[in-house]
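Asker:
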Amino acid sequence: MENKGVMILAEVTDGKLAPITRELLGVGRKLANDLGEELSVIIAGSGAVNTAAKVAAGVTDKVYAADTPPLKDYSNEAYVEVLEKVCKSTHPRIVLMGHTTIGRDLAPRAAFRLGTAAVTDCIALDIDDMNKQLLMTKPVYGGNALAIFTMETFPQIATIRVKSMTMQAVESTGKGEIINIAAELDPAAIKTTVLKKVVMEDEGVKLEDAAIIVTGGRGIGGPEGFKQLEELAKLLNGTVGASRPACDNGWVKDTMQIGLTGKIVSPDVYVAVAVSGTTQHMAGCSGARNIIAINKDPEANIFTEARFGVVGDWKKVLPGFEAEVKKLMGK
Ligand SMILES: Cc1cc2nc3c(=O)[nH]c(=O)nc-3n(C[C@H](O)[C@H](O)[C@H](O)COP(=O)(O)OP(=O)(O)OC[C@H]3O[C@@H](n4cnc5c(N)ncnc54)[C@H](O)[C@@H]3O)c2cc1C
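Residue numbers for the sequence shown follow our numbering, so the first one is 47 and each next one is one higher.
1) Are three or more beta carbon pairs between the segment 73-85 and the segment 94-104 nearer than 8 Å?
2) Using a Cβ-Cβ cut-off of 6 Å (strictly less than) and excluding sequence neighbours within five positions of residue 226, which residues of its own chain qualify?
3) Would you check if there are 3 or more beta carbon pairs closer than 8 Å linking the segment 343-353 to the segment 361-373?
4) Just verifying my parser: in three-state terms, what is the DSSP assignment at residue 331?
5) Among 345, 54, 105, which has the Cα closest to the Cα of residue 218?
6) Is residue 100 helix, strand or coil by DSSP?
7) Looking at the unbroken alpha helix (DSSP H) that takes in residue 304, where does it start and where does it end?
8) Taking only heavy atoms of ligand 1 into account, decide whether any of them is closer than 7 Å to the Cβ of residue 308.
9) Is it the case that the Cβ atoms of residue 208 and residue 145 are separated by a distance below 8 Å?
10) When you compare the CB positions of residue 86 and residue 53, do they come within less than 8 Å of one another, or not?
11) Starting from residue 349, trace the alpha helix (DSSP H) in both directions and tell me its first and last residue.
12) Hey, could you find the ends of the alpha helix (DSSP H) residue 185 is sitting in?
13) Could you give the DSSP three-state label for residue 272: helix, strand or coil?
Put into C-alpha cells, the structure is as follows:
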C-alpha cells in the first residue's frame, strides 16, 4: 500500500496543544500542501485528549485520538503501541515529532517497530520535487555543518528542534475528522510506571522559550558574577543560561546548562559572556539568530560565531553595556 500524508505526534500540556505541536502543525501543513496530501495528528493521553483533539481538528484533516488511563503519563511502551497501531492502519508517508524529551525517546523505537529510520533534531524540512522524498536538514559536528538526510523506507520519521521553524499561522480547515482509537493496551507490555512527578521550578522565562538569553561561562568565576548576568537578563526580559563548567562547579543549577548535553535554545539574541565557544557549547545555541560575545581572549572561538563581539574583561564591559541597554530602553 502506498504511504501518503503527513502525520504529527501531538504533545499536550495542561489540556492544550504544546507550542512545539503548533510549530509542527505549521510545517506539517506546508509539507502536506507541497505533496497534495492530508495532514493528520495523533493525540494520546487520558482525559485531556478531547479538548486538544477539537482544536487540532480545526486545522488538520484527521485527528487520531487515543484516550485511556494507561496513556495518562508518557511512557515509551504505551505510546509506541499507539503510534505503531495508527501507522500500520493509515500508512503515513511522514511522521513528525518535536525534538523534546518525548520525541527523542519515542522516534528511534517507533522507527525500529515500523521497520524504518528516524532523523532526529532537524531544523529544516523540504520535499524533493523529483521523487517526493522528505529532505531533513540537521546540524552535525556540533553545529559546524549542516547535513541533509533522506530515507527510502516509510514512514519517514523526523524529530524537529524546538523553535527552529518560524511559527506559521495555521489555516483553519474546520473539517478535521476526529477518529477515536481503541488503544487496547496490554498492561503487561507497559513495564515502566511513573511513581512521582517533580515539577522543576523555573523562575521567570523558560530557557527554551526565551527570546533573549544571557549566558555565563567559566570566566565568570563564581556564583556572584551570575547575579550580574541575572540583572542584565531581567533588564532585557530574558533569562540566564550557563556553560557546562559553570554548572559543574555548582555556581548555577544544572538545568541552566546549554549545549550538547544541556538544553538546545534558539533565541533571537544570545549574549555569551566569558564563554569560549567550544563545539559542545555551540551545539546548544548555534540556532540563535544573533550572538553577542564578550571575552577577554580575541582568539576565542565564540568570536567566529558571533555577530557582535567585545574583547575585554566582562567585569569592565558589562556595566557600560547594561547602561547603554538602559538608555536605549528608556529605563
Ligand atoms: C561529551 C561532552 C559534552 C559536553 N557538553 C557540554 C555542554 O552541553 N555545554 C557546554 O557548555 N559544555 C559542554 N562540554 C564541555 C566543553 O567541552 C567545554 O569544556 C565547555 O563548553 C567550556 O566552557 P566555557 O566556555 O565556559 O569555559 P572555557 O572554555 O574555559 O572558556 C572560558 C572563557 O572565558 C574567558 N574569560 C575568562 N575570564 C574572563 C574575563 N574576566 N572576561 C572575559 N572573558 C573571560 C576565557 O578567555 C575563555 O574564552 C562537553 C564536553 C564533552 C566532552
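Note that CB positions come from ideal geometry on N, CA and C, so glycine has one too. Remember, predicted model here, so these are calculated numbers, not experimental data.
Answerer: If we stick to the structure as given:
1) no
2) Numbered from its first residue, the sequence shown carries residue 226 at position 180. Here the set comprises 111.
3) no
4) Sequence index remark: in the sequence shown, residue 331 carries index 285 (1-based). DSSP places residue 331 in coil when its eight states are reduced to three.
5) Position 172 of the sequence shown, counted from the first residue, corresponds to residue 218. That would be 105, whose Cα lies nearest to the Cα of residue 218.
6) Along the sequence shown, read from residue 1 onward, the residue named residue 100 stands at position 54. Of the three classes helix, strand and coil, the one that applies to residue 100 here is helix, per DSSP.
7) In the sequence shown, residue 304 corresponds to position 258, counting from 1. Looking at the DSSP string, residue 304 is not in any alpha helix (DSSP H), and its letter there is neither H nor E.
8) Residue 308 sits at position 262 when you count from the first residue of the sequence shown. For ligand 1, at least one heavy atom lies less than 7 Å from the Cβ of residue 308.
9) Here residue 208 is taken as the residue at index 162 of the sequence shown, counted from 1. Here residue 145 is taken as the residue at index 99 of the sequence shown, counted from 1. Contact: yes.
10) The sequence position of residue 86 within the sequence shown is 40, counting from 1. The sequence position of residue 53 within the sequence shown is 7, counting from 1. Their beta carbons are under 8 Å apart, which means residue 86 touches residue 53 by this criterion.
11) On the sequence shown, residue 349 is found 303 positions in, with the first residue counted as 1. Per DSSP, residue 349 belongs to the alpha helix (DSSP H) from 348-351.
12) As a working mapping, residue 185 is identified with position 139 in the sequence shown. Per DSSP, residue 185 belongs to no alpha helix (DSSP H); it is in the beta strand (DSSP E), 180-186.
13) To locate residue 272, count along the sequence shown from 1; it is residue 226. Residue 272 falls in the helix class under three-state DSSP.
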